[in-house]
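Novice: Quick one: this structure, given as C-alpha coordinates, is what I'll be asking you about.
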Amino acid sequence: MRFCGYTKFKIKGLNQEKNLNILSKKINVYDVVRIEKNLSTLKVKYHESKKAKKILLELGYEILLEENHGFSPLFFKIFGNISVVSAFVLATILYAIQSPMIWKYQVLGQDKLSAQEIVDFVKENYSSNKLKLSTKQVEGGIYHNFEEISFVSVIIKGQTMVINIKEKLLPEEIYGDFEPIVAEFDGKVKNIELVSGTSCVKIGDYVKKGDILVEPNYIDSFGQEQKVKADAKITLEVYAVGDYTHFEERVEVKRTGRFVIIDEVQLFGLTVYTNKEENTFSMSESEVKFKDISKNLLLPLKLKRTTIYELEIEYITEKYQDAEEKILQKAREKALENSPNYDKIIDEFYTVKHLSGTSTVSYVIVGEIIAG
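Under my numbering, the residue at position 342 of the sequence shown is numbered 348, and the numbers go up by one with no gaps.
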(Lines of atoms letter the chains of each structure in order from A and count residues from 1; the text may use other names and numbers.)
(Lines give C-alpha, C1' and ligand atoms only; values in the text may rest on other atoms or scores of the structure.)
Protein backbone atom coordinates (compact mmCIF):
# COMPACT_ATOMS: atom_id res chain seq x y z
CA MET A 1 0.00 0.00 0.00
CA ARG A 2 2.77 2.41 0.87
CA PHE A 3 4.55 1.51 -2.34
CA CYS A 4 1.48 2.63 -4.30
CA GLY A 5 1.51 5.91 -2.38
CA TYR A 6 0.06 7.71 0.60
CA THR A 7 -0.57 11.24 1.84
CA LYS A 8 0.46 12.50 5.26
CA PHE A 9 -1.56 15.31 6.89
CA LYS A 10 -0.65 17.43 9.89
CA ILE A 11 -3.82 18.94 11.36
CA LYS A 12 -4.66 21.44 14.11
CA GLY A 13 -8.01 21.64 15.87
CA LEU A 14 -10.21 20.50 18.84
CA ASN A 15 -12.17 17.28 19.44
CA GLN A 16 -9.65 15.26 17.46
CA GLU A 17 -10.60 11.82 18.83
CA LYS A 18 -14.25 12.30 17.99
CA ASN A 19 -13.64 13.75 14.59
CA LEU A 20 -10.98 11.22 13.60
CA ASN A 21 -13.47 8.45 14.39
CA ILE A 22 -15.90 10.13 11.98
CA LEU A 23 -13.13 10.35 9.35
CA SER A 24 -12.07 6.70 9.78
CA LYS A 25 -15.64 5.51 9.09
CA LYS A 26 -15.50 7.14 5.65
CA ILE A 27 -11.88 6.40 4.58
CA ASN A 28 -8.96 4.25 5.77
CA VAL A 29 -6.85 6.23 8.27
CA TYR A 30 -3.61 4.87 9.76
CA ASP A 31 -0.43 5.91 11.62
CA VAL A 32 -2.26 8.51 13.71
CA VAL A 33 0.22 10.33 15.99
CA ARG A 34 -1.04 12.70 18.70
CA ILE A 35 1.60 15.40 19.07
CA GLU A 36 -0.38 17.72 21.32
CA LYS A 37 -3.98 17.99 22.50
CA ASN A 38 -4.99 19.90 19.40
CA LEU A 39 -2.14 18.80 17.03
CA SER A 40 -1.86 15.42 15.23
CA THR A 41 -0.51 13.68 12.12
CA LEU A 42 -2.23 10.95 10.10
CA LYS A 43 -1.84 9.07 6.85
CA VAL A 44 -4.34 8.04 4.16
CA LYS A 45 -4.06 6.31 0.78
CA TYR A 46 -2.99 8.68 -1.97
CA HIS A 47 -6.10 8.09 -4.06
CA GLU A 48 -8.27 9.02 -0.99
CA SER A 49 -6.28 12.15 -0.11
CA LYS A 50 -8.65 14.63 -1.80
CA LYS A 51 -11.66 13.12 -0.02
CA ALA A 52 -9.82 13.14 3.31
CA LYS A 53 -8.80 16.74 2.88
CA LYS A 54 -12.37 17.78 2.13
CA ILE A 55 -13.72 16.03 5.26
CA LEU A 56 -11.00 17.51 7.47
CA LEU A 57 -11.77 21.01 6.27
CA GLU A 58 -15.52 20.41 6.81
CA LEU A 59 -14.79 19.30 10.38
CA GLY A 60 -13.05 22.65 10.96
CA TYR A 61 -9.46 21.51 11.05
CA GLU A 62 -6.51 23.62 9.89
CA ILE A 63 -4.23 21.58 7.61
CA LEU A 64 -0.66 22.56 8.47
CA LEU A 65 1.09 20.01 6.21
CA GLU A 66 0.16 17.82 3.25
CA GLU A 67 2.90 15.50 1.88
CA ASN A 68 2.61 12.88 -0.86
CA HIS A 69 4.87 9.80 -0.88
CA GLY A 70 5.29 6.66 -3.02
CA PHE A 71 4.97 5.65 -6.67
CA SER A 72 1.43 6.87 -7.43
CA PRO A 73 2.05 10.57 -6.64
CA LEU A 74 5.20 10.57 -8.76
CA PHE A 75 3.42 8.88 -11.68
CA PHE A 76 0.50 11.27 -11.64
CA LYS A 77 2.82 14.23 -11.27
CA ILE A 78 4.72 13.28 -14.42
CA PHE A 79 1.89 11.92 -16.55
CA GLY A 80 -1.06 13.69 -15.06
CA ASN A 81 -0.72 16.48 -17.59
CA ILE A 82 -2.22 15.09 -20.79
CA SER A 83 -0.37 17.63 -22.97
CA VAL A 84 2.99 16.48 -21.60
CA VAL A 85 2.14 12.85 -22.20
CA SER A 86 0.88 13.58 -25.70
CA ALA A 87 3.99 15.56 -26.59
CA PHE A 88 6.25 12.79 -25.27
CA VAL A 89 4.43 10.09 -27.22
CA LEU A 90 4.38 12.20 -30.40
CA ALA A 91 8.11 13.00 -30.11
CA THR A 92 8.92 9.33 -29.65
CA ILE A 93 6.91 8.38 -32.74
CA LEU A 94 8.45 11.14 -34.88
CA TYR A 95 11.98 10.24 -33.79
CA ALA A 96 11.39 6.58 -34.64
CA ILE A 97 10.12 7.60 -38.10
CA GLN A 98 12.84 10.10 -39.03
CA SER A 99 15.88 8.50 -37.30
CA PRO A 100 16.85 6.19 -40.20
CA MET A 101 16.60 9.02 -42.75
CA ILE A 102 19.38 11.18 -44.23
CA TRP A 103 18.36 14.83 -44.19
CA LYS A 104 21.63 16.59 -44.98
CA TYR A 105 24.42 16.09 -47.55
CA GLN A 106 27.92 17.56 -47.20
CA VAL A 107 30.58 17.49 -49.96
CA LEU A 108 34.25 18.10 -49.05
CA GLY A 109 37.36 18.43 -51.22
CA GLN A 110 35.75 19.61 -54.45
CA ASP A 111 37.30 22.50 -56.35
CA LYS A 112 36.17 22.55 -59.95
CA LEU A 113 33.18 20.21 -59.58
CA SER A 114 29.82 21.46 -58.31
CA ALA A 115 28.91 20.11 -54.87
CA GLN A 116 25.22 20.45 -55.74
CA GLU A 117 25.71 18.31 -58.87
CA ILE A 118 27.17 15.51 -56.75
CA VAL A 119 24.37 15.79 -54.17
CA ASP A 120 21.69 15.72 -56.90
CA PHE A 121 23.26 12.57 -58.36
CA VAL A 122 23.20 10.80 -54.97
CA LYS A 123 19.61 11.85 -54.24
CA GLU A 124 18.39 10.67 -57.64
CA ASN A 125 20.13 7.29 -57.57
CA TYR A 126 20.20 6.20 -53.94
CA SER A 127 17.74 5.90 -51.08
CA SER A 128 17.79 8.41 -48.24
CA ASN A 129 16.94 5.60 -45.82
CA LYS A 130 20.12 4.54 -44.02
CA LEU A 131 18.77 1.02 -43.59
CA LYS A 132 18.51 0.60 -47.36
CA LEU A 133 21.78 2.33 -48.27
CA SER A 134 25.30 1.02 -48.92
CA THR A 135 28.05 3.64 -48.68
CA LYS A 136 30.31 1.45 -50.84
CA GLN A 137 27.75 1.52 -53.65
CA VAL A 138 27.47 5.30 -53.36
CA GLU A 139 31.30 5.62 -53.55
CA GLY A 140 31.44 3.43 -56.67
CA GLY A 141 28.59 5.30 -58.33
CA ILE A 142 30.15 8.71 -57.77
CA TYR A 143 33.60 7.51 -58.88
CA HIS A 144 32.35 6.01 -62.14
CA ASN A 145 29.92 8.83 -62.96
CA PHE A 146 32.35 11.75 -62.50
CA GLU A 147 35.56 11.40 -64.52
CA GLU A 148 37.12 14.35 -62.72
CA ILE A 149 37.21 12.42 -59.42
CA SER A 150 40.23 10.27 -58.53
CA PHE A 151 39.16 9.31 -55.00
CA VAL A 152 35.88 9.28 -53.07
CA SER A 153 34.80 8.16 -49.60
CA VAL A 154 31.31 8.28 -48.07
CA ILE A 155 30.40 8.13 -44.39
CA ILE A 156 27.16 8.78 -42.51
CA LYS A 157 27.33 10.85 -39.33
CA GLY A 158 23.96 10.97 -37.60
CA GLN A 159 21.55 12.09 -40.31
CA THR A 160 24.22 13.67 -42.52
CA MET A 161 25.99 11.98 -45.45
CA VAL A 162 29.56 13.27 -45.74
CA ILE A 163 31.08 12.84 -49.22
CA ASN A 164 34.85 13.39 -49.33
CA ILE A 165 36.38 13.59 -52.82
CA LYS A 166 39.72 14.28 -54.47
CA GLU A 167 39.79 15.67 -57.98
CA LYS A 168 42.21 14.60 -60.69
CA LEU A 169 44.80 17.07 -61.91
CA LEU A 170 44.26 18.66 -65.30
CA PRO A 171 45.49 16.70 -68.36
CA GLU A 172 49.18 16.64 -69.15
CA GLU A 173 48.80 19.01 -72.10
CA ILE A 174 47.67 21.67 -69.60
CA TYR A 175 49.82 20.81 -66.63
CA GLY A 176 52.84 19.52 -68.52
CA ASP A 177 54.52 16.18 -67.97
CA PHE A 178 54.27 14.60 -64.56
CA GLU A 179 57.88 14.40 -63.44
CA PRO A 180 59.22 12.36 -60.52
CA ILE A 181 61.21 13.93 -57.71
CA VAL A 182 64.85 12.84 -58.01
CA ALA A 183 67.83 13.23 -55.70
CA GLU A 184 70.16 16.01 -56.77
CA PHE A 185 72.93 14.84 -54.44
CA ASP A 186 74.20 11.70 -52.74
CA GLY A 187 72.86 11.46 -49.22
CA LYS A 188 70.76 9.78 -46.56
CA VAL A 189 66.97 10.18 -46.26
CA LYS A 190 66.30 11.82 -42.90
CA ASN A 191 62.60 12.74 -43.15
CA ILE A 192 59.69 12.37 -45.61
CA GLU A 193 56.52 14.48 -45.76
CA LEU A 194 54.55 13.06 -48.70
CA VAL A 195 51.79 15.24 -50.17
CA SER A 196 50.96 13.36 -53.38
CA GLY A 197 52.55 10.60 -55.42
CA THR A 198 54.23 7.36 -54.36
CA SER A 199 57.36 7.41 -52.21
CA CYS A 200 60.19 5.17 -53.49
CA VAL A 201 62.37 5.58 -50.41
CA LYS A 202 62.01 5.41 -46.66
CA ILE A 203 63.73 7.11 -43.76
CA GLY A 204 67.29 5.80 -43.34
CA ASP A 205 67.82 4.89 -47.03
CA TYR A 206 70.99 6.03 -48.77
CA VAL A 207 70.43 7.50 -52.22
CA LYS A 208 72.66 8.60 -55.07
CA LYS A 209 72.33 11.58 -57.33
CA GLY A 210 69.63 10.83 -59.92
CA ASP A 211 67.74 8.24 -57.84
CA ILE A 212 63.94 8.60 -57.94
CA LEU A 213 62.52 9.66 -54.57
CA VAL A 214 58.80 10.08 -55.41
CA GLU A 215 56.93 8.71 -58.45
CA PRO A 216 54.16 10.89 -59.99
CA ASN A 217 51.37 8.35 -59.51
CA TYR A 218 49.35 6.41 -56.91
CA ILE A 219 46.96 3.46 -56.74
CA ASP A 220 43.40 4.56 -55.94
CA SER A 221 40.85 2.71 -53.79
CA PHE A 222 39.63 0.84 -56.88
CA GLY A 223 43.09 -0.55 -57.67
CA GLN A 224 43.73 1.73 -60.65
CA GLU A 225 46.89 3.75 -61.21
CA GLN A 226 46.34 7.50 -61.33
CA LYS A 227 48.79 10.16 -62.54
CA VAL A 228 49.38 12.98 -60.09
CA LYS A 229 51.94 15.65 -59.47
CA ALA A 230 54.81 14.33 -57.36
CA ASP A 231 54.78 16.58 -54.33
CA ALA A 232 56.77 15.94 -51.17
CA LYS A 233 59.19 17.50 -48.72
CA ILE A 234 62.14 15.12 -48.35
CA THR A 235 65.06 16.02 -46.11
CA LEU A 236 68.41 14.56 -47.20
CA GLU A 237 71.53 14.41 -45.05
CA VAL A 238 74.36 15.30 -47.46
CA TYR A 239 78.13 15.01 -46.94
CA ALA A 240 80.61 17.36 -48.65
CA VAL A 241 84.34 16.54 -48.50
CA GLY A 242 87.32 18.82 -49.07
CA ASP A 243 90.88 17.39 -49.26
CA TYR A 244 94.03 19.45 -48.76
CA THR A 245 97.62 18.11 -48.76
CA HIS A 246 100.36 19.95 -46.86
CA PHE A 247 104.01 19.43 -47.77
CA GLU A 248 106.45 20.18 -44.98
CA GLU A 249 109.16 21.03 -47.58
CA ARG A 250 107.91 22.76 -50.72
CA VAL A 251 108.68 25.37 -53.35
CA GLU A 252 106.34 28.28 -53.79
CA VAL A 253 106.31 30.92 -56.50
CA LYS A 254 105.08 34.28 -55.34
CA ARG A 255 105.11 37.92 -56.33
CA THR A 256 107.88 40.16 -55.06
CA GLY A 257 105.76 43.32 -55.12
CA ARG A 258 107.53 44.87 -58.11
CA PHE A 259 105.63 45.39 -61.37
CA VAL A 260 105.70 47.38 -64.65
CA ILE A 261 102.74 48.71 -66.69
CA ILE A 262 102.24 48.78 -70.46
CA ASP A 263 99.41 51.03 -71.75
CA GLU A 264 98.07 50.75 -75.28
CA VAL A 265 95.37 52.92 -76.83
CA GLN A 266 93.40 50.92 -79.41
CA LEU A 267 90.95 51.80 -82.13
CA PHE A 268 88.93 48.96 -83.66
CA GLY A 269 91.43 46.52 -82.15
CA LEU A 270 94.50 48.25 -83.62
CA THR A 271 97.14 49.88 -81.40
CA VAL A 272 97.44 53.62 -82.11
CA TYR A 273 99.57 54.57 -79.10
CA THR A 274 101.85 52.71 -76.68
CA ASN A 275 103.45 53.75 -73.37
CA LYS A 276 105.46 51.08 -71.60
CA GLU A 277 107.99 50.72 -68.82
CA GLU A 278 111.11 48.61 -69.22
CA ASN A 279 110.68 44.96 -68.12
CA THR A 280 113.82 43.44 -66.56
CA PHE A 281 112.10 40.64 -64.64
CA SER A 282 113.55 37.17 -65.12
CA MET A 283 110.27 35.55 -64.09
CA SER A 284 106.89 37.21 -64.19
CA GLU A 285 103.16 36.93 -64.75
CA SER A 286 100.80 39.48 -66.26
CA GLU A 287 97.21 40.70 -65.99
CA VAL A 288 95.34 42.54 -68.76
CA LYS A 289 92.40 44.93 -68.34
CA PHE A 290 90.44 47.00 -70.87
CA LYS A 291 88.81 50.37 -70.26
CA ASP A 292 86.55 52.47 -72.52
CA ILE A 293 88.06 55.98 -72.92
CA SER A 294 85.77 57.25 -75.71
CA LYS A 295 83.64 59.43 -73.44
CA ASN A 296 82.94 62.80 -75.14
CA LEU A 297 84.86 61.52 -78.20
CA LEU A 298 83.53 60.44 -81.58
CA LEU A 299 85.97 57.55 -81.96
CA PRO A 300 85.52 54.30 -79.92
CA LEU A 301 88.92 54.34 -78.22
CA LYS A 302 89.88 51.74 -75.62
CA LEU A 303 92.77 51.54 -73.19
CA LYS A 304 94.51 48.19 -72.85
CA ARG A 305 96.55 48.07 -69.62
CA THR A 306 98.95 45.18 -69.08
CA THR A 307 100.43 44.84 -65.58
CA ILE A 308 103.51 42.58 -65.33
CA TYR A 309 104.34 41.26 -61.85
CA GLU A 310 107.78 40.02 -60.89
CA LEU A 311 107.87 36.48 -59.45
CA GLU A 312 110.40 34.72 -57.28
CA ILE A 313 110.89 31.17 -56.02
CA GLU A 314 110.74 30.58 -52.28
CA TYR A 315 111.82 27.36 -50.55
CA ILE A 316 109.64 26.75 -47.49
CA THR A 317 109.98 24.32 -44.60
CA GLU A 318 106.86 24.24 -42.42
CA LYS A 319 105.78 21.54 -39.97
CA TYR A 320 102.10 20.49 -39.94
CA GLN A 321 101.74 21.34 -36.27
CA ASP A 322 102.93 24.90 -36.92
CA ALA A 323 100.37 25.50 -39.67
CA GLU A 324 97.47 23.25 -38.55
CA GLU A 325 94.89 26.02 -38.19
CA LYS A 326 95.67 27.41 -41.64
CA ILE A 327 95.63 23.93 -43.20
CA LEU A 328 92.24 23.06 -41.66
CA GLN A 329 90.80 26.34 -42.92
CA LYS A 330 91.96 25.59 -46.48
CA ALA A 331 90.49 22.08 -46.30
CA ARG A 332 87.19 23.51 -45.01
CA GLU A 333 87.09 26.05 -47.85
CA LYS A 334 87.46 23.20 -50.34
CA ALA A 335 84.63 21.29 -48.62
CA LEU A 336 82.42 24.36 -48.89
CA GLU A 337 83.28 24.63 -52.58
CA ASN A 338 82.15 21.01 -53.06
CA SER A 339 79.04 21.36 -50.93
CA PRO A 340 75.59 22.32 -52.24
CA ASN A 341 73.66 25.24 -50.85
CA TYR A 342 72.73 23.63 -47.55
CA ASP A 343 69.41 24.50 -45.92
CA LYS A 344 71.11 23.71 -42.61
CA ILE A 345 74.62 22.65 -41.54
CA ILE A 346 74.37 20.07 -38.77
CA ASP A 347 77.95 18.82 -38.25
CA GLU A 348 81.61 19.26 -39.27
CA PHE A 349 84.59 16.94 -38.71
CA TYR A 350 87.94 16.03 -40.29
CA THR A 351 90.60 13.32 -40.47
CA VAL A 352 94.38 13.70 -40.97
CA LYS A 353 96.82 11.23 -42.61
CA HIS A 354 100.59 11.79 -42.19
CA LEU A 355 103.01 10.12 -44.62
CA SER A 356 106.66 10.90 -45.51
CA GLY A 357 106.63 14.64 -44.94
CA THR A 358 103.09 15.14 -46.21
CA SER A 359 99.83 15.54 -44.30
CA THR A 360 96.44 15.12 -46.01
CA VAL A 361 93.37 16.60 -44.33
CA SER A 362 89.90 15.38 -45.31
CA TYR A 363 87.34 17.87 -44.03
CA VAL A 364 83.68 16.82 -43.98
CA ILE A 365 80.66 19.13 -43.73
CA VAL A 366 77.32 17.45 -43.02
CA GLY A 367 74.20 19.39 -43.95
CA GLU A 368 70.51 19.06 -44.71
CA ILE A 369 68.90 19.68 -48.08
CA ILE A 370 65.14 19.64 -48.68
CA ALA A 371 64.19 17.99 -51.97
CA GLY A 372 60.81 18.41 -53.61
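Even glycine gets a Cβ: it sits at the ideal position worked out from N, Cα and C. Predicted, not measured: the structure shown is a model, and the values here were computed from it.
1) Measure the C-alpha to C-alpha separation of residue 42 and residue 74 and round it to an integer number of angstroms.
2) For residue 363, which residues from the same chain have a beta carbon less than 7 angstroms from its beta carbon, with the 5 sequence-adjacent residues on both sides left out?
3) Among the residues of its own chain, which have a CB less than 8 angstroms from the CB of residue 154, if the five just before and after it don't count?
4) Per DSSP, what are the beta-bridge partners of residue 311 in this structure?
5) Is the distance from the Cβ of residue 169 to the Cβ of residue 198 below 8 angstroms?
6) Bridge partners for residue 232 per DSSP, in chain order?
7) Note down, in chain order, each residue of its chain lying with its Cβ closer than 7 angstroms to the Cβ of residue 345, except the 5 sequence neighbours on either side.
8) Starting from residue 148, trace the alpha helix (DSSP H) in both directions and tell me its first and last residue.
9) According to DSSP, is residue 326 helix, strand or coil?
10) If you follow the alpha helix (DSSP H) that residue 64 is part of, which residue opens it and which one closes it?
11) Can you tell me which residues form a DSSP beta bridge with residue 122?
12) Taking DSSP's pairing of strands, which residues face residue 207 in a bridge?
13) Please tell me whether residue 35 has its Cβ less than 8 angstroms away from any Cβ of chain B.
14) Any idea if residue 231 is buried or exposed, counting beta-carbon neighbours within 10 angstroms, 16 or more meaning buried?
15) Check whether the region 335 to 343 and the region 298 to 310 are in contact - that is, three or more C-beta pairs closer than 8 angstroms.
16) Ignore the nearest five residues each way along the sequence and tell me which others in residue 165's own chain have a CB closer than 7 angstroms to its CB.
17) Spatial neighbours of residue 323 within its chain, please: CB distance less than 7 angstroms, with the 5 preceding and 5 following residues excluded, ordered by chain position.
Specialist: Reading it off the structure:
1) One C-alpha to the other measures close to 23 angstroms.
2) When the five nearest sequence neighbours on each side are left out, the beta carbons in the same chain lying within less than 7 angstroms of the beta carbon of residue 363 are those of 253, 254, 255, in order along the chain.
3) Spatial neighbours of residue 154 in its own chain (CB-CB distance under 8 angstroms, excluding positions within 5 residues in sequence) are listed in chain order as 118, 119, 173, 174.
4) Partner(s): 269, 295.
5) No, Cβ-Cβ distance for residue 169 and residue 198 is not below 8 angstroms.
6) The partner list for residue 232 (beta bridge, DSSP) reads 224.
7) Shown here for residue 345: same chain residues with a beta carbon closer than 7 angstroms to its own, the five before and five after excluded, namely 246, 371, 373 in chain order.
8) The continuous alpha helix (DSSP H) containing residue 148 extends over residues 141 to 151.
9) Residue state for residue 326 is assigned as coil, using DSSP reduced to three classes.
10) Secondary structure note for residue 64: its alpha helix (DSSP H) is the uninterrupted segment 55 to 64.
11) Its beta-bridge partners do not exist; DSSP assigns none.
12) Paired residue(s): none; residue 207 is not in a bridge.
13) Going by chain labels, chain B is absent from the structure shown, which holds only one protein chain.
14) Classification for residue 231: exposed.
15) The region 298 to 310 and the region 335 to 343 do not touch, with fewer than three beta-carbon pairs separated by less than 8 angstroms.
16) If we look at residue 165 and ignore the five residues flanking it on each side, its Cβ neighbours are 107, 108, 109, 110.
17) Scanning its chain for C-beta atoms nearer than 7 angstroms, with the 5 sequence neighbours on each side dropped, one finds around residue 323 the residues 254, 255, in chain order.
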